[in-house]
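Chemist: One structure coming up, written as structure tokens, with questions to follow.
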Amino acid sequence: MTHAPLGSLNSVGGIATEINAVNYVSPRSWLSTSHFVLGFFLFVGHLLHAGRARAAAAGFEKGIDRDLEPVLSIIPLS
0 MTHAPLGSLN
10 SVGGIATEIN
20 AVNYVSPRSW
30 LSTSHFVLGF
40 FLFVGHLLHA
50 GRARAAAAGF
60 EKGIDRDLEP
70 VLSIIPLS
């Protein structure tokens, strides 16, 4: 290896968007990273949704008690 890995503290080069810089981040890297992050959050969302749906189907989810909402005690402006 002739240079430090991308993004390491010892990597040298210009701005990260310059093509000839050592720590250049290619569009392919941006695309793959963004898809990984998006996929991760979508997966976590699916897990949360599945858990809530199973809890609601089993009768464990009570929801929000709207009788205790502070907004209901506010006098209307008009």
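When you line the sequence shown up against numbering that gives the first Met the number 0, it's residues 0 to 77, in that order.
Idealized CB from N, CA, C, for every residue including glycine.
All of these numbers come straight from a predicted model, not from anything done at the bench.
1) Reducing DSSP to helix, strand and coil, say where Asp64 ends up.
2) Helix, strand or coil for Pro75? Go by DSSP, reduced to three states.
3) What would DSSP say about Gly58, mapped onto helix, strand or coil?
4) Pull up the distance between the alpha-carbon of Gly38 and that of His45, whole angstroms please.
Modeler: Taking the geometry as given:
1) If DSSP states are grouped into helix, strand and coil, Asp64 belongs with coil.
2) DSSP places Pro75 in coil when its eight states are reduced to three.
3) Shown here, Gly58 sits in coil according to DSSP, grouped into three states, outside any helix or strand.
4) Going from the Cα of Gly38 to the Cα of His45 covers about 10 angstroms.
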